Amino acid sequence: MKKIINEFLNLVKERNGDEPEFLQAVEEVAETVLPYIVEHDIYYGKNILLRMVEPERAITFRVCWVDDSGEIQVNRGYRIQMNSAIGPYKGGLRFHPTVNMSILKFLAFEQVFKNSLTTLPMGGGKGGSDFDPKGKSDGEIMRFCHAFMSELFRHIGPNTDVPAGDIGVGAREIGFLFGMYKKLKNEFTGVLTGKGLSWGGSLIRPEATGYGTVYFAQKMLETKGQDFKGKQVVVSGSGNVAQFAVEKSIQLGAKVLTMSDSSGYIYDSEGINNEKLAHIMYIKNVKRGRISDYLETYKKAKFVKDKTPWEVACDIALPCATQNELNESDAKTLLNNGCLCVAEGANMPSTLGAVRVFQKAKILYAPGKASNAGGVATSGLEMTQNSLRFNWTREEVDLKLKEIMSNIHDSCIKYGKNEDDDYVDYVKGANIAGFVKVADAMLAQGIV
Ligand code: NDP
Ligand code: 2IT
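Quick note: to get our numbering, add 3 to the position in the sequence shown (first position is 1).
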């Protein structure tokens, strides 16, 4: 089996050698999915995974805009349309200076499996730009978003490809992007998700990724007769996903000790409560400041510069910032400090080395494509509401989100549980469950 996996990975490497993040995501999937393919005649010998690692379409485009000082800026825009076997391409847009083909292809590839797991009819895609929103005025953000959409609009549509937010793209950016799409197409459709409530958005969409991650962690803890009550939780990030993962953890009675951004982490030994979280939301969403600003108000807290929070002892770790933010040595530190559950709010935050440490120790570990699927699932619910021209209540959407997270957990158990010792390998479970639905659709549709 090892030989088959290596031959496959070498082939993918030959074609995509300069894309380390993409190769990392493919390796994690190939290790669990190829053995499954070999054992199942309907998939074997059809190059099905090889077809899945090749984007159906990868678009790059120029984005020119004028900054506040009158200077002309040039950025690069992308949309990777990875797989449309089970529905229109669906996935976020990321605006961050590190954005490139490798990052977006890894995200688009993960998205295919994640969207399949949600049980909703959505294919996988991802896009974005190397544009850096930090320090830009609202006017500059608007001009950039308008310029970006003035090209992207020809490639997307409510039945073709439905983008949403990701790092650097939140409610403000979705508004500007939607405005330009509507103007160019002269159509009011659900072409983007994460929209404002008064113009087609869904209740709970802002909360959904963070809440869903905690709902998934709750399900995992339940299998061990445990819950969030009284647990110490360490969270990374302080953006959309982190904020609502913290909110739900607090609601469930946990003590949240940390949050972070790219400059370091804050540690509050008394716990981040609702009032403190509201202040963090103000710092990050309104003032657009840094997490270290927390100390101006909460003086007893500590700021640890340029470090990730995994050195803080905890029961539950929720990585909610970015890819490869938790390495093998961090994973060992978490284990040594007694961590029993890791649920990823971010996409691929754990390196392959870290994943192997968690798997070997057989702790509760959920990969992002399972645990953070609540965001895109609720985007799917937003698409449904747009088609129905009807809105569900907060309680209705939250209930559906909980059900979806519970179903994803069941799928992981179905395909990931060891017969001999009952250990659930959520990586294996999520990869195979996600694969089966997409592969079946691809086989049914023939070689296209
Ligand atoms: P936001 O832009 O709202 O927040 C991102 C957070 O991560 C910020 O705190 C940011 O700090 C930090 N961060 C970003 N890049 C780095 C980096 N290179 N090193 C350290 N910290 C970094 O994004 P989201 O909260 O939406 O996204 C967070 C993660 O969750 C991403 O991996 C995203 O792909 C994933 N995700 C998001 C979903 C969504 O619905 N939004 C759905 C599913 C997954 P700083 O401000 O300093 O940049
Ligand atoms: O990674 C993700 O799942 C997202 N950024 C959300 C995608 C979406 O379409 O809501």
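Yeah, the Cβ is synthetic: ideal placement off N, Cα and C, and Gly gets one too.
Fair warning: this is a prediction, and the values are worked out from it, not measured in the lab.
Practice problem: Can you say whether S72 is buried or exposed, counting buried as having 16 or more other CB atoms within 10 angstroms of its CB? | Solution: exposed
Q | Residue range of the unbroken alpha helix (DSSP H) whose run includes P38 | A | 23-42
Whole angstroms is fine: what's the gap from V451's alpha carbon to Q84's? 14 Å
Does C342 pass the burial test, meaning 16 or more other C-beta atoms within 10 Å, or should it be called exposed?
buried
Discussion item. S132 and G80 - do their beta-carbons sit closer together than 7 Å?
Written reply: yes
Note to self: Do P322 and P352 count as a contact pair if the criterion is CB distance below 7 Å?
What the structure shows: yes
| task | Could you pull the start and end residues of the beta strand (DSSP E) that Q254 belongs to? | result | Note, Q254: premise wrong, no beta strand (DSSP E); alpha helix (DSSP H) at 243-254.
Might you give, ordered along the chain, the residues of its own chain that have their beta carbon closer than 7 Å to the beta carbon of E314, omitting 5 neighbours on each side? T336
Distance cut-off 6 Å: N189 Cβ against heavy atoms of the ligand NDP: no
Task: Cut-off 7 Å between Cβ atoms - residues of its own chain near G482, not counting five sequence neighbours on either side - done: Because the chain here runs from 4 to 451, residue 482 falls outside it and cannot be looked at.
- How many Å lie between L180 and M152 at the Cα? 6 Å
Proximity of Q114 and G127 at Cβ, strictly below 7 Å: The beta carbons of Q114 and G127 sit closer together than 7 Å.
CB-CB under 8 Å to A220, same chain, minus the five flanking residues each way: which ones, in chain order? Within the same chain, A220 has close Cβ partners F231, I319, L321, C344, A346, L367, A369, S374.
**Asked** Applying the criterion that 16 or more other CB atoms from any shown protein chain within 10 Å of the CB defines a buried residue, is E385 buried or exposed?
**Response** E385 comes out buried.
query: Is it true that the CB of F112 sits closer than 7 Å to the CB of A211?
result: no
Worksheet item: Between P58 and V165, is the Cβ-Cβ spacing less than 7 Å?
Response: no
Determine the contact status of I207 and T381, defining contact as a CB-CB distance below 7 Å.
yes
### Query
Quick one: does the C-beta of G378 sit closer than 6 Å to a heavy atom of the ligand 2IT?
yes
Taking the alpha-carbon of G204 as reference, which of S390, V236, V32 has the nearest alpha-carbon?
That would be S390, whose Cα lies nearest to the Cα of G204.
request  = Give me the Cα-Cα distance between E398 and D44, rounded to the nearest whole angstrom.
outcome  = 44 Å
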